[in-house]
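A.B. asks:
In full-length UniProt numbering, the protein residues as written are 1 to 152.
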């Protein structure tokens, strides 16, 4: 079971890197409520903490695995050791702790990442969730939020 945990971590790392690379190459739409500075800052903070944790959790776990001996193998043909990481209890302990911390950050930011758009949809009654889910343009989303008719 632990081998599966580590294998899924490596896969998550690769998928997260691809997602982050895609995200930084795309134009980010403007916020529907630019006047809400604190809310926008918190949304960006949660978003980037989640991105960093999606990379940091598997990376710190992989380094922890490479610095120790006797763990279950990773079920991918990538090799079990990292050439730049020597066997060291100190390194293993440090990266094991970082792995634990970043996993808690990921667990904490995941529901916030879901709650933000739901708050906009249910409480603010704006098009943030629809814009994220269906890729609606900013103009259509803004027009709909302000009660103007939009072209189909």
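No residue lacks a Cβ here, since even glycine has one placed at the ideal position from N, Cα and C.
Can you tell me whether DSSP reads residue 111 as helix, strand or coil?
C.D. replies: helix
A.B. asks: So, under 8 Å CB-CB, residue 98 and residue 128 are touching, yes? Tell me the CB distance rounded to an integer number of Å.
C.D. replies: Between residue 128 and residue 98 the Cβ distance is about 33 Å, and since that is not below 8 Å, they are no contact.
A.B. asks: Rounded to whole angstroms, how far is the Cβ of residue 113 from the Cβ of residue 47, which I believe are closer than 8 Å?
C.D. replies: 7 Å
A.B. asks: What's the gap between the Cα of residue 58 and the Cα of residue 15?
C.D. replies: 11 Å
A.B. asks: If you draw a straight line from the alpha carbon of residue 103 to that of residue 71, how long is it in whole angstroms?
C.D. replies: Computed Cα separation, rounded: 19 Å.
A.B. asks: Just the Cα atoms here: how many angstroms apart are residue 83 and residue 65?
C.D. replies: 12 Å
A.B. asks: From 21, 130 and 62, pick the residue whose C-alpha is nearest to that of residue 2; which is it?
C.D. replies: Looking only at 21, 130 and 62, the smallest Cα-Cα distance to residue 2 is reached by 62.
A.B. asks: Under the rule that 16 or more other beta-carbon atoms within 10 Å means buried, what is residue 95, buried or exposed?
C.D. replies: So residue 95 counts as buried.
A.B. asks: As a quick exercise: from 76, 87 and 52, pick the residue whose alpha carbon is nearest that of residue 68.
C.D. replies: Out of 76, 87 and 52, 87 has the C-alpha closest to the C-alpha of residue 68.
A.B. asks: Quick one: what does DSSP say residue 106 is sitting in, helix, strand or coil?
C.D. replies: helix
A.B. asks: Could you give the first and the last residue of the continuous alpha helix (DSSP H) run that contains residue 53?
C.D. replies: Taken as a continuous stretch (DSSP letters only), the alpha helix (DSSP H) holding residue 53 covers 37 to 67.
A.B. asks: Taking the C-alpha atoms as reference points, what is the distance between residue 40 and residue 9?
C.D. replies: 30 Å
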